[in-house]
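See below for the structure under consideration.
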Amino acid sequence: MDIADVAKASGLKPSTLRYYEQKGLIHSAGRHGLRRYYDAAVLEKLALINLGRYVGLSLDEIGQMLLPKGVDIDRALLRQKTAELDKQIASMQAIRDSLHHAAHCPAPNHLACPTFQRLMKLAGKRLKPQKSKL
């Protein structure tokens, strides 16, 4: 598969594929002129990389798990990421519950509703303020 085929199949830009190759996460099978060619197995590796990125692993952490001998999973790191995801899920569920209640609350003003206030306090305890990008 040439780089354009891999980019299309994976949904990644060719520049991302070249960067992943530079970082040692993937390897091309060779070149024909200036075009890189990859084995079809690269798509599986890219799927693992995408999964790792989705759950918040850095490329360096992912690279440590993609050793030349095969996939060597850092189970302690995965348990840590699982715990972080559980916290995020709990926070998102609290926010969802608050929004659902506000949408269906019979009170004329949802800010005066005791149930909504309780849900907001619960959500507030679970949420961390996001860092400003300024």
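Count along the sequence shown from 1, then add 67; that gives the number in this note's numbering. Glycine residues also receive a C-beta, built at the ideal position from the N, C-alpha and C atoms. Here the structure is a predicted model, which means the values were calculated and not measured.
Check, Outcome
"Pick from Val122, Ser125 and Ile93 that is closest to Leu134, judged by C-alpha positions", "Ile93"
"For Gly91, three-class secondary structure by DSSP", "coil"
"Residue burial classification, Leu186 (beta-carbon count within 10 angstroms, cutoff 16)", "buried"
"Where the beta strand (DSSP E) through Gly97 begins and ends", "Gly97 to His99"
"Beta carbon of Leu84 nearer than 9 Å to that of Leu113", "yes"
"Buried/exposed call for Ile70, threshold 16 Cβ in 10 Å", "buried"
"Through-space distance from Ser82 to Lys75, alpha-carbon basis", "12 Å"
"Per-residue burial, Leu201 [other beta carbons within 10 Å of its own, 16 or more giving buried]", "Residue confidence is low: Leu201 scores 49 on pLDDT, short of 50, so the model does not pin down where it sits. No coordinate-derived value is stated."
"Straight-line gap, His171 to Leu126 (C-alpha atoms, nearest Å)", "43 Å"
"First through last residue of the beta strand (DSSP E) which encompasses Tyr104", "Arg102 to Tyr104"
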